[in-house]
Structures are given as C-alpha cells and as structure tokens.
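Q: In my numbering, the protein residues as written are 747 to 835.
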Amino acid sequence: MTTALENLLVRHVETGTMPAAVALLATAGDVEVVAAGAAAVSGRPMRDDAIMRIQSMTKVITSVAALRLVGKAGATTTRSEFSASSSPG
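1) Since T761 is in the alpha helix (DSSP H), which residue starts that stretch and which ends it?
2) What residue from A766, L755, G789 and V806 has the CA that sits closest to M798's CA?
3) Measure the CB-CB distance between A772 and L755 and report whether it falls below 7 Å.
4) Would L813 pass as a contact of V780 if the rule is Cβ separation under 7 Å?
5) Which class does G817 belong to by DSSP, given the choice of helix, strand or coil?
Okay, here's the thing in structure tokens:
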C-alpha cells in the first residue's frame with residue numbers, strides 16, 4: 747500500500763526534481779519513513795535508513811529551532827524574559 751508521502755516523493759523523483767529522497771513523517775503515535783529514487787546514477791535504490799550529509803542547512807535548522815522556542819515562550823515574551831526563565835538555578 748502506498749501512502750501520500752510515498753506518492754509525493756516518487757512523483758518528484760520521476761519528474762526529475764530530485765534524484766532521490768528519504769522522508770520521515772511523524773504524527774500522534776505513528777511514524778512513517780519512505781525512500782524513493784536511487785542512491786547513485788544507475789545505482790541501488792535509496793534505502794530508508796540511508797546516511798546523508800546535510801550541507802548548507804545551518805540557517806534552516808537554526809531558524810526552525812528558534813521558531814519552536816518562540817512557540818513555547820509565546821509571541822509576547824521578550825528575549826530577556828525568555829533568557830531569565832531558561833537559565834538554571
């Protein structure tokens with residue numbers, strides 16, 4: 747049985763948007779890991795446990811982490827209030 751996530755990845759691989767992809771989607775109580783495409787040109791199929799290097803993603807990862815902190819702190823909390831509430835002791 748294919749899922750919407752698998753269909754999305756396969757569609758992008760088939761149209762040439764990307765050569766391969768691995769995605770993880772977690773919802774309440776359910777985790778889905780899907781792989782599509784080939785690990786190399788004319789190579790083996792991409793595995794769902796493939797190890798990949800993440801390059802030039804520092805800004806994206808930092809932005810997501812910051813947005814998650816803002817969501818926990820609330821939009822009206824100032825930086826100094828957040829820093830004081832998160833410091834140990």
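Glycine included, each C-beta is placed from N, C-alpha and C at the ideal position.
A: Answer, in terms of the structure:
1) Its alpha helix (DSSP H) spans residues A750 to T761.
2) Taking only the C-alpha atoms, the option nearest M798 is A766.
3) It is not a contact, given that the beta carbons lie outside the stated cut-off.
4) Taking 7 Å as the Cβ cut-off, L813 and V780 do not qualify as a contacting pair.
5) Helix at G817.
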